[in-house]
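Numbering-wise (the working numbering), the sequence shown opens with residue 610 and increments by one.
C-beta: ideal position from N, C-alpha, C; glycine also.
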Amino acid sequence: MSDPAPVPQPSKALADAAAAVFEAAQVPTKHPLPDVDSARALGEAAAALARAAEALALASQRAAEGSQGEAKPAADAAKTAESGQATKSEATEGTEKSAETPEAPAEPELTDEERRERRRQRALVPTGAMDDPMLQLPPGDLPPMPPKWLERFIKPTDLLSPREETIRAAKIYFRVKLAAVLVVLLVLGALSARPALRVLRTVQANRLASAASNLMDAGQWTEGSERAVAAYQLRPTESAVIRVNARWMTQQKDARGLELWQQLQERKELTDEDLRRYAGLASSTGRLAQAETLLRELLARPTGGSIADRTAELWVLALRGERERAGQIGQQLLADARATPAERVNIAALLTDFTVPPFQDEGWTELQKHVEATDERGLAALTQLSRRALGDEAATKPEVERLIQLLKAHPKGGIQAWLLASNLSIRHLGLSRESAVDAALAKFGRDPESPDTAVLARWLVALGEHDRALEVVPQEVAARRTELASIHVSALRGLGKWKEIRQLIQGERIPLSAYEAELQMAIATSRLGEQTAAARRWKKLSDAVSGNAQAVVALARTAEESGAPDVAEPLYRDATKLAPLLRGGWDGLLRLTEARNDTAELVAVLSAARRALPNDRQMRLNWAHATALIGRDLEEARRVVEGLNAEGANNGLPNLTLALICVRQGKPDEARNALASTPLGDLKKLDGKSFTPSQLVVVAAVLAASDQMAEARQLAEVLGKSNLRREEKDIVQRILEKQS
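Shown next as structure tokens:
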């Protein structure tokens, strides 16, 4: 066996050369690399050389040991070495190209351990990291350097070249700037979002308010109120939104609307129409002083002072009990040439309802001028005159027949005029109630869908025909409409069917409103004697109407009529505190006080009413009379009566009280003179129909003080059977005892 061919020993030199090339590729420089592709090729060549060196070293070792089996791997290693030489030549070309750029000074020599660690870290670089477009930039087109303050936060790393470090810092700087811009944009967006949203909400709220106002102008109050509430929820501070909601609350007579009108008043944005509505709501809720102030403000405007404005002033004064002033204003309005026929009829109706006789006469005369008109004003005048005839026993038959004929023939009369004519026939022409009801049912029928059904049923209830009303509006018909349900319950209430009312409401078999249902339950429980449950329900109703004086008075009157005076009296007192100028609260309180037959307490209530209504002549006269009955403050009472006489009020009736005061003071001559100037001065015309028992007691006292005992005893005997106050009964009793 021949000796093996000698194997060359280039392994050590080749390994050293490969290591040198590898180290040259790994050494970081202070200047950017000239060509990234060349650097990558150089690194690959160095790796190939290292692998060839290792293969050659292994082949040499095996050859030295004389192993024939290793010849083939050695040949393979030689081939690998040849390919490594080729790669080395390519790497050398790359090195020659890179030598064209100035070399950077080399870093200090690294130890083997540092070199191995750097290789390990280099191996951790992602494969595609060298493909970063930023690294492909020419050497002179590096991104801008970050500011000095940012450099302290960027820690350098040994794994990156200076160019890579520069690009890395630039990227960090770019990200910092981008983050700063995003933060600024977010802050600006947050700050501008609320104003933008506010503008959008304002525009939408004004649009809804305008739509609501148009719907209300067209009479569509329910639809308009829905849009008004939606606008208020969006933007409650807009004037248009406040105005349309205040208008809705005025329509509903809701006292909360006063606060909304006041907001517009504080902004000085009230128009003439706003002032009219504001004053109307104030008067309807009992704020009569406020209503009068608003009307005076309206009248002081250049555009104010219309007939409608002055008519509203007349109405407010009438509610306050200042009937004399109201009559004077009405008289002026009737003489104003600007008043239209319809306005004249309205003014005349107010004069007949709320003023004293001299002005009432003018009102009746004015109404007679329009009674034959075929339009709405003619119907209003005819209705007012017919109501007067219903309460006037002295109405003549020809006058009543003329009114009946006009009512039935009026083109706009309808069922209301026909039923009013029936009432006149029952009252003055002897028509039986049953015949009138049969005629009405035959004419208007019992169609539950007809609007006349509710009017007819309400008329039957007012007439006392509760059974016939239930025939017209049975339970199955009452379940169709709220209006019919209320009439059905009223008929049951007239028949005293309290348990049935409670069962209907508790079972929700008829569609009553929440307030109406609670009210009917309160009445029913009061009538059934369930005082605890009734008190709880009355309290709930009182809370519901709190703040609205008119509603409080209405609730108190209902409680009074339902046999619950202990509920009504606190409500009346609340009304007098809430609206001292409203007569309804004082009148109700006086009725309940008189029912207890306590004149001293009556004087206390009248004193408070007199202070609240200093211009109410009737209230002053009532106080003077009650004071004279109990014999207190006679001089003050005399001054009040003399003041009333000087004003020419009440047809001389204050002299009747003056006569009683003179009797108490022991001045019979003055008492006779005072009595002679009153309608009761003629004893032959005295009767129980024209004069009240209380007035006749004064006449008997004057006669007894004037030694006319026979006449006094005769009158006292008649009065002994009457319902009198305790002090009046004492006067009658003394007259009878003195005669005996």
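(request) Starting from the Cα of Lys816, find the closest Cα among Arg886, Ala840 and Ala1063 and give me that residue. (result) The count along the sequence shown starts at 1 and reaches residue 816 at position 207. Checking the displayed sequence, the identity of residue 816 turns out to be Arg instead of Lys. Checking every option, the nearest Cα to that of Arg816 belongs to Ala840.
(request) Leaving aside the five residues before and after Leu884 along the sequence, list all residues of the same chain whose C-beta is less than 6 Å from its C-beta, in chain order. (result) Here residue 884 corresponds to residue number 275 of the sequence shown, with the count starting at 1. Only Leu903 and Leu907 meet the Cβ criterion.
(message) Using 7 Å as the threshold, is the C-beta distance between Leu1187 and Leu1164 below it?
(response) Within the sequence shown, the letter at position 578 stands for residue 1187. Within the sequence shown, the letter at position 555 stands for residue 1164. No, the Cβ-Cβ distance between Leu1187 and Leu1164 is not below 7 Å.
(request) Identify which residue in Leu1269, Arg1273, Leu1050 and Lys1276 has its Cα closest to the Cα of Leu1305. (result) One-based indexing of the sequence shown puts residue 1305 at position 696. Looking at the Cα atoms, Leu1269 is the closest of the given residues.
(message) Between which residues of its own chain and Trp1107 is the CB-CB distance below 6 Å, once the five residues before and five after are set aside?
(response) The residue labelled residue 1107 in the question sits at position 498 within the sequence shown. Result list for Trp1107: Ala1133, Arg1136 and Leu1137, in chain order.
(request) Helix, strand or coil for Asp1152, going by three-state DSSP, please let me know. (result) Taking the first residue of the sequence shown as 1, we reach residue 1152 at position 543. Asp1152: helix per DSSP, three-state reduction.
(request) Please state if the CB of Leu1015 and the CB of Gln993 are separated by a distance shorter than 7 Å. (result) If you number the sequence shown from 1, residue 993 lands on position 384. If you number the sequence shown from 1, residue 1015 lands on position 406. Not closer than 7 Å, so no.
(message) For a test of the three-state rule: what should DSSP assign to Ser819, helix, strand or coil?
(response) By 1-based counting over the sequence shown, the position of residue 819 is 210. Three-state result, Ser819: helix.
(request) Using three-state DSSP, classify Glu1085 as helix, strand or coil. (result) Here residue 1085 refers to the residue found at position 476 when the sequence shown is read from its first residue. Glu1085 falls in the helix class under three-state DSSP.
(request) With DSSP as the reference, label Phe968 as helix, strand or coil. (result) Taking the sequence shown and counting its residues from 1, the one referred to as residue 968 is at position 359. It is helical.
(message) Relative to the C-alpha of Gly866, which candidate in Leu843, Lys877 and Ser892 has its C-alpha closest?
(response) Translated into positions along the sequence shown, residue 866 becomes position 257. Closest by alpha carbon: Ser892.
(message) Determine whether the beta carbon atoms of Leu959 and Phe968 lie at a separation below 7 Å.
(response) Position 350 of the sequence shown, counted from the start, is the residue given in the question as residue 959. Position 359 of the sequence shown, counted from the start, is the residue given in the question as residue 968. For Leu959 and Phe968, no; Cβs fall outside 7 Å.
(request) Would you tell me roughly how many angstroms separate the C-alpha atoms of Thr964 and Ala927, rounded to the nearest one? (result) Your numbering for residue 964 matches position 355 in the sequence shown. Your numbering for residue 927 matches position 318 in the sequence shown. The straight-line gap from Cα to Cα measures roughly 7 Å.
(request) Could you check what DSSP says for Val980 in three-state terms: helix, strand or coil? (result) The residue given as residue 980 occupies position 371 in the sequence shown. Three-state DSSP puts Val980 in coil, outside helix and strand.
(request) Express the C-alpha separation of Thr1301 and Gly1193 in angstroms, rounding to a whole number. (result) For the purposes of this step, residue 1193 is taken as residue 584 along the sequence shown, with counting starting at 1. For the purposes of this step, residue 1301 is taken as residue 692 along the sequence shown, with counting starting at 1. In a straight line, the C-alpha of Gly1193 is about 22 Å away from that of Thr1301.
(message) Check for me: the alpha helix (DSSP H) holding Gly1193 runs from which residue to which?
(response) As a first step, residue 1193 must be located in the sequence shown, where it is residue number 584. Arg1192 to Ala1204 is the extent of the alpha helix (DSSP H) around Gly1193.
(request) Give the DSSP-derived three-state secondary structure of Arg1334 in the structure shown. (result) Numbered from its first residue, the sequence shown carries residue 1334 at position 725. Coil at Arg1334, not helix or strand.
(message) I'd like to know whether the C-beta atoms of Ala864 and Thr894 end up nearer to each other than 7 Å.
(response) Taking the sequence shown and counting its residues from 1, one reaches residue 864 at position 255. Taking the sequence shown and counting its residues from 1, one reaches residue 894 at position 285. The answer is yes: Cβ separation under 7 Å.
(message) Are the CB atoms of Thr1202 and Leu1211 within a distance shorter than 7 Å?
(response) Translated into the one-based positions of the sequence shown, residue 1211 becomes position 602. Translated into the one-based positions of the sequence shown, residue 1202 becomes position 593. Result yes, Cβ atoms of Leu1211 and Thr1202 sit closer than 7 Å.
(message) Between Thr1091 and Pro1120, how many whole angstroms is the CB-CB distance? I'm expecting something under 8 Å.
(response) For the purposes of this step, residue 1091 is identified with residue 482 of the sequence shown, where counting begins at 1. For the purposes of this step, residue 1120 is identified with residue 511 of the sequence shown, where counting begins at 1. At roughly 5 Å, the Cβ-Cβ gap stays under 8 Å, so Thr1091 and Pro1120 are in contact.
(request) Drop a sphere of 10 angstroms on the beta-carbon of Pro1020, count the other beta-carbons inside from all chains shown, and report buried for 16 or more, exposed for fewer. (result) The count along the sequence shown starts at 1 and reaches residue 1020 at position 411. Exposed, because fewer than 16 other Cβ atoms sit within 10 Å of the Cβ of Pro1020.
(request) Whole angstroms is fine: what's the gap from Leu1065's alpha carbon to Leu1345's? (result) Taking the first residue of the sequence shown as position 1, residue 1065 is located at position 456. Taking the first residue of the sequence shown as position 1, residue 1345 is located at position 736. If I take the Cα positions, the gap works out to 53 Å.
(message) Judging by CA-CA distance, which residue of Asn1282, Glu1244 and Thr1287 is the nearest neighbour of Arg1273?
(response) Indexing the sequence shown from 1 puts residue 1273 at position 664. With distances taken between Cα atoms, Arg1273 lies closest to Glu1244.
(message) With distance defined between alpha-carbon atoms, name the residue in Glu847, Ala990 and Ala827 nearest to Gln872.
(response) Here residue 872 refers to the residue found at position 263 of the sequence shown. Checking every option, the nearest Cα to that of Gln872 belongs to Glu847.
(request) Might you give, ordered along the chain, the residues of its own chain that have their beta carbon closer than 6 Å to the beta carbon of Arg929, omitting 5 neighbours on each side? (result) The residue labelled residue 929 in the question sits at position 320 within the sequence shown. Only Leu897 and Leu1190 meet the Cβ criterion.
(request) Using beta-carbon positions only, say whether Ala1184 and Val1214 come within less than 7 Å of one another. (result) Position 575 of the sequence shown, counted from the start, is the residue given in the question as residue 1184. Position 605 of the sequence shown, counted from the start, is the residue given in the question as residue 1214. No.
(request) Ignore the nearest five residues each way along the sequence and tell me which others in Glu1080's own chain have a CB closer than 8 Å to its CB. (result) One-based indexing of the sequence shown puts residue 1080 at position 471. The residues are Arg1055.
(request) Please state if the CB of Leu942 and the CB of Ala948 are separated by a distance shorter than 7 Å. (result) Residue 948 sits at position 339 when you count from the first residue of the sequence shown. Residue 942 sits at position 333 when you count from the first residue of the sequence shown. Yes, the pair counts as a contact, with Cβ atoms nearer than the cut-off.
(request) Return the Cβ separation of Leu1028 and Trp1068 in integer angstroms, given the expectation that the two are a contact with Cβ distance under 8 Å. (result) Here residue 1028 refers to the residue found at position 419 of the sequence shown. Here residue 1068 refers to the residue found at position 459 of the sequence shown. Correct: roughly 5 Å between the Cβ atoms.
(request) State yes or no: is the C-beta of Leu890 nearer than 6 Å to some heavy atom of the ligand FAD? (result) Ligands are entirely absent from the displayed structure, and the ligand FAD is therefore not among its contents.
(message) Count Cβ pairs between the region 1042 to 1061 and the region 1069 to 1077 that sit closer than 8 Å; are there 3 or more?
(response) yes
(message) Between which two residues does the alpha helix (DSSP H) holding Gly913 run?
(response) Walking along the sequence shown from the start, residue 913 turns up at place 304. Per DSSP, Gly913 belongs to no alpha helix (DSSP H) and is neither H nor E.
(message) Using a Cβ-Cβ cutoff of less than 6 Å, which residues in the same chain neighbour Val1249 once the five nearest sequence positions on both sides are dropped?
(response) Counted from its first residue, the sequence shown places residue 1249 at position 640. Here the set comprises Arg1229 and Ala1233.
(request) Using three-state DSSP, classify Ser1095 as helix, strand or coil. (result) Residue numbering aside, residue 1095 sits at position 486 when the sequence shown is read from its first letter. DSSP places Ser1095 in helix when its eight states are reduced to three.
(request) Assign Arg1136 to one of three DSSP states: helix, strand, or coil. (result) For the purposes of this step, residue 1136 is taken as residue 527 along the sequence shown, with counting starting at 1. It is helical.
(request) Enumerate in chain order the residues of its own chain whose CB-to-CB distance from Arg953 is below 7 Å, with the five nearest sequence positions on each side excluded. (result) Mapped onto the sequence shown, residue 953 falls at position 344. So the list reads Leu943 and Glu975, once near-sequence residues are dropped.
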